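Engineer:
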Amino acid sequence: MAERKTPSPQETEEMNGAWLKLPWRKLERHVYRMQKRIYRANQHGNTRKVEKLQKLLLKSEAARLLAVRRVTQDNQGKKTAGVDGVKSVSPKQRFLLVKQLHTQHWKHRKHPKPVRRVWIPKPGKAEKRPLGIPTMMERAKQALVKMVLEPAWEAKFEPNSYGFRPGRSCHDAIGAIFNGIRYKPKYVLDADIRGCFDHINHEALLKKLDTYPKLTHVIRGWLKAGVMEGVKFTPTEQGAPQGGVISPLLANIALHGMELEITKLGHWRERPMVVRYADDFIILHSELPVIQEAEESIAKWVNGMGLQLSPSKTRITHTLTAFEGNVGFDFLGFHVQQYRMGKNHRGKNTHGGPLGHKTLIRPSREATKRHTREIGQRLRKLRNAPQERVIGALNPIIRGWSNYYRWVVCSEVFRHCDYVTFLQLARWGNARHPNKGKRWTGKKYWLRLSTRTVFGTYAKDKQGTPKPIYVRGHTETHSQDYVKVRGKASPYDGNLLYWAKRLKQHPMVYDQRAKLLKLQQWQCPHCGLYFKETDQLEVDHAIPTALGGRDDMTNKSLYHSHCHDEKTARDQALIARRKAEGINPK
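First residue of the sequence shown: 861, per our numbering; consecutive thereafter.
1) Could you say which of K881, V975, L1125, R1136 lies nearest to H1145 if we only look at CA atoms?
2) Are I1235 and V1268 touching if we call contact CB-CB under 7 Å?
3) Are Q1098 and H1059 touching if we call contact CB-CB under 7 Å?
4) Please report the straight-line C-alpha distance between S1262 and R1332, rounded to a whole angstrom.
5) Let me know the secondary structure DSSP gives A1316 once reduced to three states.
6) Closer than 8 Å is the cut-off here; do at least three beta carbon pairs connect the region 925 to 936 with the region 1026 to 1043?
7) In this structure, how does DSSP classify L1418 when only helix, strand and coil are distinguished?
8) Using a Cβ-Cβ cut-off of 8 Å (strictly less than) and excluding sequence neighbours within five positions of T1394, which residues of its own chain qualify?
9) Is I1079 near the ligand GDP - that is, is its Cβ less than 6 Å away from at least one heavy atom of it?
10) Shortest alpha-carbon distance to K1006 belongs to which of L1109, N1020, N1186?
11) At what residues does the alpha helix (DSSP H) containing H1031 begin and finish?
12) By the 10 Å Cβ neighbour count, where 16 or more other Cβ atoms means buried, how is Y1318 classified, buried or exposed?
13) Among residues of its own chain, excluding the 5 on either side of A1291, which ones have a beta-carbon nearer than 7 Å to its beta-carbon?
14) Check for me: the beta strand (DSSP E) holding W1306 runs from which residue to which?
15) Which full runs of the alpha helix (DSSP H) of 4+ residues lie inside the region 1345 to 1416, going along the chain?
16) By the DSSP assignment, the beta strand (DSSP E) with M996 in it spans what residues?
17) For L991, which three-state DSSP category applies?
18) Which word fits P951, buried or exposed, when buried means at least 16 other C-beta atoms lie within 10 angstroms of its C-beta?
19) Taking its Cβ as the centre, do 16 or more other Cβ atoms sit within 10 Å of V835, making it buried, or is it exposed?
20) Can you tell me whether E863 is buried or exposed? The criterion is at least 16 other CB atoms within 10 Å of its CB, across all chains shown.
21) Looking only at its chain, what residues have a beta carbon closer than 7 Å to the beta carbon of Y811, apart from the 5 residues adjacent to it on each side?
22) Exposed or buried, which one is R1206 when buried takes at least 16 other CB atoms within 10 Å?
23) What span of residues does the alpha helix (DSSP H) with L913 cover, start to end?
24) List the whole-angstrom C-beta distance separating L1065 from A1012, where the pair is believed to meet the contact cut-off of C-beta under 8 Å.
25) Within 10 Å of its beta-carbon, does N902 have 16 or more other beta-carbons around it, so buried, or fewer, so exposed?
26) Tell me the rounded alpha-carbon separation between V1008 and G1409.
27) Could you name the residues of the same chain whose beta carbon sits closer than 6 Å to that of K973, not counting the 5 residues immediately before and after it, in chain order?
28) Do you know whose CA, among R1054, P1132, G1104, lies nearest G1166's CA?
29) Please decide whether R1312 counts as near chain B, where near means a Cβ-Cβ distance under 7 Å.
30) Since R1175 sits in a beta bridge, which residues does DSSP pair it with?
31) I'd like to know if the region 1416 to 1429 and the region 1385 to 1401 are in contact, where contact means that at least 3 CB-CB pairs between them fall below 8 Å.
32) Specify the secondary structure class of L880 as computed by DSSP and reduced to three states.
33) Using alpha carbons as the reference points, say which of Q1323, A1436, P1101, L1379 lies closest to L991.
34) If I1176 and I1158 are in contact, beta carbons under 8 Å, what's the gap, nearest whole angstrom?
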């Protein structure tokens, strides 16, 4: 076997430059224009035009380049290896991937490699969830096929389907539930499909997919590829492996039609309402017989896809009054319940409903316990760590959880979480110094800032000025009103400004990023394209501090992750060139 030639540093630098110099803005615009045409053609029912455009996009070099960049640069799991062991891909190998996507890897005799099984813990549970990690080549192929299939199915998907779809989130599902019950209390069928990803019938899914033979063959190959766990190979006769780029889209396709099936029930004055997020869904109606009929109907419907409802997680409840000992329900980490209000249950409803009751949506009790337990477990692991490291570890957890729940009634829960966190931090300090008094420990680890006492210390910034750093409180994140996504709107409908503006409400976009989005008019300053929900975003200095830039908001900008890589490479080259010329970079 010939030895693999290691590229020289000069060749590596040339390939890096070639990859960065590709006209990415032009490529993204070309691909989006094709996807928009697919979306509109499917809206008009022109199946032949849809297939022609899909074949054209599948062969497009622009789509292949973007698919490879997505799985090798942008994806969070880019450093997780499949059965081939590849997890770091150089620019030279990226170009090779792009070339292979156009040649032998689409041939009918080419069978995909099996996925590598990895077990990850389920939040708050002892059991684990299986993930199937494809090889880098299969990930690139799946990203390319998703680019082709997703616009066509976005034109078909039902309006109250919110899981794993671009531009939609858990909060849109919760907003739909609020709108469905705000004027009238209703019975609820809170249902869950048992092992949805593991039991989907392959032939039923491929029949529903209803695409041209080449794509059908490729997707069947991924479904039948099998699983490698260590050295043990297991064939897959049913299910779609979680962890693949295209798996969430296939699961949504499998469950498409559920809303249409249920809305046939009831009578013309009131139809049942279905809100689905991936395999979790609820059905709302004011009459109990309709809900019971819907349960029987949906059980038969999912059976046609090889699926079953989970008896332990499926129940009927009511939003206002107790039914079989249950009132209200938990969905996606939120608790939804209605309460009677006013004397004799009459009064003004400030939440938009009629007189007599109000709707409150709050973080669920289980989600709150899981969050405080996570903070406690992290503190136990950092028992001997310095205080600065503890602050750095807790702040992202608290900020992320608070941002997720700030769109509902959260103030009371946030105050409770702050109290529990205070007790945990006090216990952490006392455990480190068992021979010292609590007063001594308090002076060492707690600071008085303005009108409150915080767990913090002083640390020097880049200019050497001491500044206080502390564990942020949950109540520092204030409750806000959420604006639900428009009914059948899609990121492929061409209204890019609308979708970019909605990023301000994304759970992971905190205050600084939201301000930068508005200042930048929701566009990346490097490539000029509007941001999308699926983009990975990075905050960086517009002018690096090493080149004399200021370390404040006036000198910060928000970039795409890949644009940030290009900007960093350019800045580092400029700094190195100035140093080589004997010029102070600043």
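Even for Gly, the Cβ is constructed at its ideal location relative to N, Cα and C.
This structure is a prediction, so every number in the text was calculated from the model and none was measured.
Structural biologist: Result, derived from the coordinates:
1) Here residue 1145 refers to the residue found at position 285 when the sequence shown is read from its first residue. With distances taken between CA atoms, H1145 lies nearest to L1125 out of K881, V975, L1125, R1136.
2) In the sequence shown, counting from the first residue as 1, residue 1235 sits at position 375. In the sequence shown, counting from the first residue as 1, residue 1268 sits at position 408. No, the Cβ-Cβ distance between I1235 and V1268 is not below 7 Å.
3) The count along the sequence shown starts at 1 and reaches residue 1098 at position 238. The count along the sequence shown starts at 1 and reaches residue 1059 at position 199. Their beta carbons are under 7 Å apart, which means Q1098 touches H1059 by this criterion.
4) Mapped onto the sequence shown, residue 1262 falls at position 402. Mapped onto the sequence shown, residue 1332 falls at position 472. Cα-Cα distance, rounded: 11 Å.
5) As a position in the sequence shown, residue 1316 is number 456, starting the count at 1. Per the sequence presented here, residue 1316 reads as Gly, with Ala not at that position. The three-state secondary structure of G1316, taken from DSSP, is strand.
6) no
7) For this step, residue 1418 is matched to residue 558 along the sequence shown. If DSSP states are grouped into helix, strand and coil, L1418 belongs with the strands.
8) Along the sequence shown, read from residue 1 onward, the residue named residue 1394 stands at position 534. Residues P1026 of the same chain have their beta carbon placed closer than 8 Å to that of T1394, with the five preceding and five following residues left out of the count.
9) As far as ligands go, the structure on display features none, and thus does not contain the ligand GDP.
10) Start at 1 with the first residue of the sequence shown, and residue 1006 comes out as number 146. The candidate whose alpha carbon is nearest that of K1006 is L1109.
11) Reading the sequence shown from its first residue, position 171 is the one you call residue 1031. Run containing H1031: 1030 to 1041, per the alpha helix (DSSP H) assignment.
12) Along the sequence shown, one-based indexing puts residue 1318 at 458. By the 10 Å Cβ count, Y1318 comes out exposed.
13) What you label residue 1291 is simply residue 431 of the sequence shown in a count that begins at 1. Excluding residues within five positions, the ones whose Cβ falls inside 7 Å are R1243.
14) Reading the sequence shown from its first residue, position 446 is the one you call residue 1306. Its beta strand (DSSP E) spans residues 1306 to 1309.
15) 1356 to 1361, 1371 to 1379
16) As a working note, residue 996 is residue 136 in the sequence shown. No beta strand (DSSP E) holds M996; the alpha helix (DSSP H) holding it covers 996 to 1014.
17) Sequence index remark: in the sequence shown, residue 991 carries index 131 (1-based). Looking at L991 - three-state DSSP - the assignment turns out to be strand.
18) Your numbering for residue 951 matches position 91 in the sequence shown. Looking at its Cβ environment, which holds 16 or more other Cβ atoms inside 10 Å, P951 is buried.
19) Nothing about residue 835 can be reported from this structure: the residues present for the chain run from 861 to 1446 only.
20) Residue numbering aside, residue 863 sits at position 3 when the sequence shown is read from its first letter. Because the pLDDT of E863 is 43, which lies under 50, any placement of that residue in the model is unreliable, and the number read from its coordinates should be weighed accordingly. When all chains shown are included, E863 counts as exposed.
21) Any question about residue 811 goes unanswered here, given that the chain covers just 861 to 1446.
22) Numbered from 1 along the sequence shown, position 346 holds the residue referred to as residue 1206. Residue confidence is low: R1206 scores 49 on pLDDT, short of 50, so the model does not pin down where it sits. Its coordinate-derived value is still stated next. The residue is exposed, with fewer than 16 neighbouring Cβ atoms inside 10 Å.
23) The residue you call residue 913 lines up with position 53 of the sequence shown. In the DSSP assignment, L913 falls within the alpha helix (DSSP H) that extends over 907 to 919.
24) Within the sequence shown, residue 1065 is the residue found at index 205, counting from 1. Within the sequence shown, residue 1012 is the residue found at index 152, counting from 1. That belief does not hold up - the Cβ atoms of L1065 and A1012 are roughly 16 Å apart, past 8 Å.
25) The residue labelled residue 902 in the question sits at position 42 within the sequence shown. Buried: at least 16 other Cβ atoms inside 10 Å.
26) Walking along the sequence shown from the start, residue 1008 turns up at place 148. Walking along the sequence shown from the start, residue 1409 turns up at place 549. Each residue's alpha carbon lies about 42 Å from the other.
27) The count along the sequence shown starts at 1 and reaches residue 973 at position 113. Closer than 6 Å at the Cβ level, and outside the excluded window around K973, lie V943, T995.
28) Locating residue 1166 in the sequence shown gives position 306, where the first residue counts as 1. Nearest C-alpha to G1166: R1054.
29) Judged by its chain identifiers, the structure shown contains no chain B, having just a single protein chain.
30) Within the sequence shown, residue 1175 is the residue found at index 315, counting from 1. DSSP lists D1050 as partners of R1175.
31) yes
32) Counting from one through the sequence shown, the residue named residue 880 turns up at place 20. Here L880 sits in helix by DSSP.
33) Against the sequence shown, residue 991 aligns to sequence position 131. Checked all of Q1323, A1436, P1101, L1379; the closest Cα to L991 is P1101.
34) As a working mapping, residue 1176 is identified with position 316 in the sequence shown. As a working mapping, residue 1158 is identified with position 298 in the sequence shown. That belief does not hold up - the Cβ atoms of I1176 and I1158 are roughly 12 Å apart, past 8 Å.
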